[in-house]
Amino acid sequence: MPSVSETNVVRKKLGEYLLEAGLITDQQLKEALRRQRQTKEPLGQILTRQGMVSEADICRVLHQQLGLPIVDLESIAIDEQVIGLMREDLAKKHTAIPIELENRNTLRVALADPLNPQALEDIKFQSGYFVRPVLAPPSEIVEAIAKYYHIDASVVEILENIIKNDSVEVREIIPEEGEENIDELMKISSGPPIVRLANWLITRAVEMRASDIHIEPQEKGVGVRCRVDGLLQDLERLPKWTQGALVSRIKILATLDIAEKRLPQDGSFRVEVSGRRIDLRVSTLPTAHGEKVVIRIVDQERSALHLDSLGLSESDLDKIRTYGSRPQGIVIVTGPTGSGKSTLLYSLLQEIHTVTKNIITVEDPVEYQIAGINQVQVDEKSKKTFAAILRAMLRQDPDIMMIGEIRDLETAQIAFRASITGHLVLSTVHTNDAPSAVTRLVDLGLQPYMVASSLNSVISMRLVRLLCPKCKDQYVPAGDELRILGISTREAQNVALHRPVGCDYCGQSGYRGRTGIFEVLELDDPIRRLIAAGAAESMIRAEAVQAGMTPIGEDGLAKVLAGETSLEELRRVVYYEEETARLCPACHEPVASEYHFCPHCGHSIATTCLKCDRRVDPNWDHCPSCGTRRERVQEPEDSPEVLVPAGGRGRISKRSRR
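Under our numbering, the first residue of the sequence shown is numbered 244, with each subsequent residue one higher.
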């Protein structure tokens, strides 16, 4: 049966509604009808061209009288399959364009004149669907017809505007098993201009050293952003009507279902740019304005897979190499998403891989392919879970096992049992610092004694952007930076920091490339006893620092002083109040915030209460632990203030303590 809208719209004609609304006179209507009999044009088009009424007035009157919704065609991405339901000549004849399929038998169509019964009948007969009309200004419909029915020519205009240098092309490498199906789909939704547009976006992102491409549908456009050195930046803004074709092109390359738009999908493909093969992982997510697509770029040739190129200090580098040479135990790398954990593990595997060792990895997904290493990808649909693959791996006579992530108790138990039974296990967890990884493992359900006996080390890491070597600027710290560094204005004259400026080489960002900052927790006997006893993270951290662990903030500050990165970038990556370090006022070496005295020169660097020996803030009037009142004691220059007992018993000398 016809829809309600179809039966309602035939009661009156457009001219009658406009006449009743007082927008035109009877004489004007008669003149317009006379012209319509001569030219066969739609009545609304004649009235607007003669200036008798505006397009907005027509839409408003029909909306009020008929209750038909008004659509903004600029904010809608029409699917190419929907466009194919109506021929171009019919769309032009009735100034109409199909928008979407509402259900199995109803097609929503934007019409300039929804009161034309002949238009509704023609569209219904030609498409095979009942028609649900909606309103749109005729000029917008005409423009949409030109774009969607000639999308190749429209995309060419965009390419001419945005592509400055099109000498580099992208060549798709599609899996052989999908060639026939891909070819069929390409006939539907992959015209050459859309192919070139997708190729240009990928090529440009690779040239920018981007790690991700974000194709983001918005209300009236499509935003394309790239993540370069960890931060997103705009690449291009495209018209809304390119959304469907561009997303379909990416989904075709990744062998995804282009007809499925309501569920997230994941896929991958490989391209070749300037002779380099680059792996691309595609993820789609339905949003309010259409499907958002994120493409992860894995450039095998540019990715550093050597331990000595990751930014490790000599001492930390020697420790990690030692952990990799051990026959058993487990090494955990921790940090937030995108902090370089997988790169560190791959680099370690690359270094310890020899023909005498059987190395097997289980990952979700496999990010880097290393020759000679057996890499298995998790597939939940086929029941290839972490735990299931791990149990199978143990029957494969492995020497070294790498687990992409320990995320549940079953995986953790298998991993730790494997480390006890003579295997070296490498894995990652998501925590903020090295000591909290221990707590995370216990929270998953592992017994503290198992963690204490099996764990060799926990490596916490972050990535900071490197200052551009061509434009970085040297300066003397001042203002709030003095408080952060813990030094005075006079002491700052001997300290040189660097800040970003921006040039063509770095894309005006002031940074180019990234390096790691690290915190390596090595489990010795005192720390193992603390873990087995269920000690808090703070106690484990204090013991680790006492044993010589360089906190991640101290490692970062050392790179700031070396001119590799900026203090602003370090504060962006690590939370200053908890993780960063200070400068020693005497020797200007970075010192962990946990220390009371500089381990390099022995100078006192912290304000402490001399009655209870607790750390106190220099701005406090009393010690919160024992109530000792603060008195400002005249100290030699460079010495911090101390708290003395309220009885005024004279000055208490500072004690050296490490």
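Even glycine gets a Cβ: it sits at the ideal position worked out from N, Cα and C.
{"Asked": "Cα-Cα separation, SER847 to ARG733", "Found": "17 Å"}
{"Asked": "Opening and closing residue of the beta strand (DSSP E) in which CYS866 lies", "Found": "No beta strand (DSSP E) contains CYS866, which DSSP labels as neither H nor E."}
{"Asked": "CA-to-CA distance, THR527 to GLU487, given in whole angstroms", "Found": "This sequence places Gly at residue 487; Glu is not what is there. So the two alpha carbons sit approximately 13 Å from each other."}
{"Asked": "Residues near GLY554 in its chain [Cβ-Cβ closer than 6 Å; skip 5 each side]", "Found": "THR758 and GLY759"}
{"Asked": "For THR464: DSSP bridge partner residues", "Found": "Correcting the residue type first, residue 464 is Gly in the shown sequence and not Thr. In the DSSP output, where bridge partners are listed per residue, GLY464 has GLN461."}
{"Asked": "Beta carbon of VAL314 nearer than 8 Å to that of ILE342", "Found": "yes"}
{"Asked": "Cβ-Cβ separation, LEU684 to ALA661 (assumed contact under 8 Å), whole Å", "Found": "Not confirmed; about 14 Å, so no contact."}
{"Asked": "Residue environment, CYS906, which counts as buried when at least 16 other CB atoms sit within 10 Å", "Found": "The requested residue 906 is not part of the displayed model; the chain covers only 244 to 901."}
{"Asked": "Simplified DSSP assignment, three categories, for VAL619", "Found": "strand"}
{"Asked": "Beta-carbon spacing of ILE657, ALA630 below 8 Å", "Found": "yes"}
{"Asked": "Reduced DSSP secondary structure (H/G/I, E/B, other) of SER511", "Found": "strand"}
{"Asked": "SER670 and MET645 closer than 8 Å at C-beta", "Found": "yes"}
{"Asked": "Reduced DSSP secondary structure (H/G/I, E/B, other) of GLY756", "Found": "strand"}
{"Asked": "Buried versus exposed, by CB contacts within 10 Å (16 or more), TYR611", "Found": "buried"}
{"Asked": "Limits of the alpha helix (DSSP H) - the one that LEU489 falls within", "Found": "486-496"}
{"Asked": "Residues near HIS306 by beta carbon distance below 7 Å, same chain, minus five either side", "Found": "ILE313 and LEU378"}
{"Asked": "Rounded separation between TRP484 and SER397 - CA only", "Found": "10 Å"}
{"Asked": "LEU826 versus ASP559 - alpha carbon distance", "Found": "21 Å"}
{"Asked": "Residues bridged to SER700 (per DSSP)", "Found": "VAL574 and GLU765"}
{"Asked": "ARG519, enclosing beta strand (DSSP E) - first and last residue", "Found": "519-530"}
{"Asked": "Check whether SER454 and ARG520 have beta carbons under 8 Å apart", "Found": "no"}
{"Asked": "Exposure of GLU878, with buried meaning 16 or more beta-carbon neighbours within 10 Å", "Found": "Since pLDDT at GLU878 reaches only 39, below the 50 mark, its modelled position is unreliable, and the value read off the structure follows with that caveat. GLU878 comes out exposed."}
{"Asked": "From GLU400, LEU363 and ALA339, residue whose alpha carbon lies closest to that of ALA387", "Found": "ALA339"}
{"Asked": "Sheet register partners of ALA453 (DSSP bridge)", "Found": "VAL471"}
{"Asked": "Spatial distance of ALA919 from PRO460 (CA atoms)", "Found": "In the structure displayed, the chain extends from 244 to 901; residue 919 sits before or after that span and is not available."}
{"Asked": "Close-in-space but distant-in-sequence residues of the same chain around GLY615 (CB under 7 Å, 5 per side omitted)", "Found": "HIS596"}
{"Asked": "Close Cβ partners of LYS494 (< 6 Å) along its chain, the five nearest in sequence each way excluded", "Found": "ILE501"}
{"Asked": "Proximity winner among LYS584, HIS666 and ALA441, relative to ALA677 (alpha-carbon distances)", "Found": "LYS584"}
{"Asked": "Expected contact under 8 Å - CB spacing of PRO285 and ASP356 to nearest Å", "Found": "5 Å"}
{"Asked": "Expected contact under 8 Å - CB spacing of GLY518 and SER697 to nearest Å", "Found": "About 45 Å separates the two Cβ atoms, so there is no contact after all."}
{"Asked": "Unbroken beta strand (DSSP E) run spanning SER670, endpoints", "Found": "667-672"}
{"Asked": "Own chain partners of THR628 with C-beta closer than 8 Å, once the 5 adjacent residues on each side are dropped", "Found": "VAL621"}
{"Asked": "SER433 burial status per 10 Å Cβ neighbour count (16 or more: buried)", "Found": "Note that SER433 scores 43 on pLDDT, short of 50, meaning its location in the model is unreliable and no value can be drawn from it."}
{"Asked": "Contact check, ARG564 vs LEU550, beta carbons under 8 Å", "Found": "yes"}
{"Asked": "PRO842: first and last residue of the uninterrupted beta strand (DSSP E) it sits in", "Found": "Unbroken run through PRO842: none, as it is neither H nor E."}
{"Asked": "Beta-carbon separation (whole angstroms), GLU606 vs GLY647, contact threshold 8 Å", "Found": "4 Å"}
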